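Here's the structure we're looking at; comments come further down.
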Amino acid sequence: MQIETGVSLKPYNTFGLPALAGRLVRITSEADVRRVVDSPDMGRAPKFILGGGSNVILTRDMPELVLKIEVPGLKVLEDGPEAVVIEAGAGERWHDLVAWSLDQGLGGLENMALIPGTVGAAPVQNIGAYGLELKDRFHSLDTVDLTTGRTVTLYPDQCHFGYRDSVFKQGLAGKSVITRVRLTLPKPWQPMLSYLDLERKMAETGNASPDARTIFNWVCEIRRAKLPDPAVIGNVGSFFKNPVVSPEQCKDIIARDPHIVHYPMPDGSFKLAAGWMIDACGWKGKTIGHAGVYEKQALVLVNRGDAVGSEVQTLARAIQESVYGRFGIRLEPEPVIV
1 MQIETGVSLK PYNTFGLPAL AGRLVRITSE ADVRRVVDSP DMGRAPKFIL GGGSNVILTR
61 DMPELVLKIE VPGLKVLEDG PEAVVIEAGA GERWHDLVAW SLDQGLGGLE NMALIPGTVG
121 AAPVQNIGAY GLELKDRFHS LDTVDLTTGR TVTLYPDQCH FGYRDSVFKQ GLAGKSVITR
181 VRLTLPKPWQ PMLSYLDLER KMAETGNASP DARTIFNWVC EIRRAKLPDP AVIGNVGSFF
241 KNPVVSPEQC KDIIARDPHI VHYPMPDGSF KLAAGWMIDA CGWKGKTIGH AGVYEKQALV
301 LVNRGDAVGS EVQTLARAIQ ESVYGRFGIR LEPEPVIV
């Protein structure tokens, strides 16, 4: 277990926001978490759990004990006739897990290629893209209780997965550390191609039966064309959730804005495209301070250089008020604002 003091968190959040951690502990195993819990000093200290920093907006320095999750490991646990179960350490990069699984000849995660962040953060947010969510492949995970130090295994029903939501953003927020995640990849592999962008790729290439590697490459191309690389332009990907509304609400909004992009959901509700609404309010390319709205995708807020958390917060609130004023919809941020 490595303990550091006075650590700049700017390299550890993808928006590139300045913040200072009084103390930072690098967690590489379950045993490290237990050492923190058992420490007379650290065990009682308020804690902040940090993965890849791709889903957090830092608006202040961190007096809390920052637990930087760096648990490694990628392996196949079970290879059965109907599915393969793989396990990854919480500190592994999510995209690296997707690429590794394909290198093992295992399809099933390719639609979620290039999603930033770590494996341990994936269940917290119930990440998803191009028609697939983490919950669709989730098997189980290990988490260490920050009060007792005990390792507990949680299964799908216990995680309460929702749209960009889970028990780790609700009842277990800040109370446990995810150390390992297991995923089920079904056999035989079946492609998921119902998303419009993937249908366009099939039409463009003339390939109506792409394999998993091809879909992976397509998703990477689509994401790179739409979203800025955090290593070049600071961002956290999609900043706002796509709001879900009732059929009545959707009908009312369509009556006022016939061109609004919307998608039917299995339960009869409708998902509205937050990026379309933000763009319709004229925000694309606009800037407040050093924080701005990305020119190619209005759903993405970016660091124009030396942005601070308060500027991002001000921009986000202005967008929320603008969208609410026109559509009567209150957008909800995806990242955690600290």
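Residue numbers for the sequence shown, in UniProt numbering: 1 to 338. By construction, the Cβ of each residue, glycine as well, lies at the ideal position given by its N, Cα and C atoms. Predicted, not measured: the structure shown is a model, and the values here were computed from it.
Counted within 10 angstroms of its Cβ, other Cβ atoms place residue i as buried (16 or more) or exposed
i: residue 371; result: Residue 371 is absent from the model: the chain starts at 1 and stops at 338.
i: Met277; result: buried
i: Asp267; result: exposed
i: Ser238; result: buried
i: Ser194; result: exposed
i: Val33; result: buried
i: Met265; result: exposed
i: His95; result: buried
N- and C-terminal bounds of the alpha helix (DSSP H) containing residue i
i: Val152; result: That residue, Val152, is in no alpha helix (DSSP H); its beta strand (DSSP E) goes 151-154.
i: Ala255; result: 247-256
i: Gly325; result: 309-327
i: Thr214; result: 212-226
i: Ser101; result: 94-103
i: Gln125; result: 121-125
i: Thr205; result: 196-205
i: Val36; result: 30-38
Bounding residues of the beta strand (DSSP E) (the contiguous stretch that carries residue i)
i: Asp79; result: 74-79
i: Gly292; result: 291-293
i: Leu185; result: 176-186
i: Met62; result: 62-69
Contacts around residue i, its chain only, beta-carbon distance under 6 Å, and the 5 residues preceding and following it disregarded
i: Leu97; result: Ala88, Val119
i: Leu331; result: Phe240, Ala274, Gln320, Val323
i: Lys75; result: Glu87
i: Pro335; result: Asn55, Val56, Ile57, Val236
Chain D contact for residue i (CB, 8 Å cutoff)
i: Leu185; result: Going by chain labels, chain D is absent from the structure shown, which holds only one protein chain.
Sequence-distant residues of the same chain with beta carbon closer than 8 Å to residue i, five excluded per side
i: Leu185; result: Ala83, Val84, Val85, Ile86, Ser101, Leu106, Gly107, Gly108, Leu109, Arg137
7 Å Cβ shell around residue i - same chain, five flanking residues per side excluded
i: Lys226; result: Lys296, Gln297
i: Tyr263; result: Phe270, Lys271
DSSP bridge partner residues for residue i (one or two, in chain order)
i: His262; result: Leu272
Can at least three beta-carbon pairs, one atom from the segment 303-310 and one from the segment 20-34, be found at a separation below 8 Å? Put simply, the segment 303-310 does not touch the segment 20-34. Fewer than three CB pairs are less than 8 Å apart.
Three CB pairs or more closer than 8 Å across the segment 244-255 and the segment 293-300: Counting Cβ pairs under 8 Å, fewer than three are found: no touch.
Is there contact here, the segment 122-138 with the segment 106-114, by at least three beta-carbon pairs under 8 Å? In short, these stretches touch, since the Cβ pair count reaches three.
Any contact between the segment 3-18 and the segment 43-53? By contact I mean 3 or more CB pairs, one from each, below 8 Å. Judged by pairs of C-beta atoms under 8 Å, the segment 3-18 touches the segment 43-53, as three or more such pairs exist.
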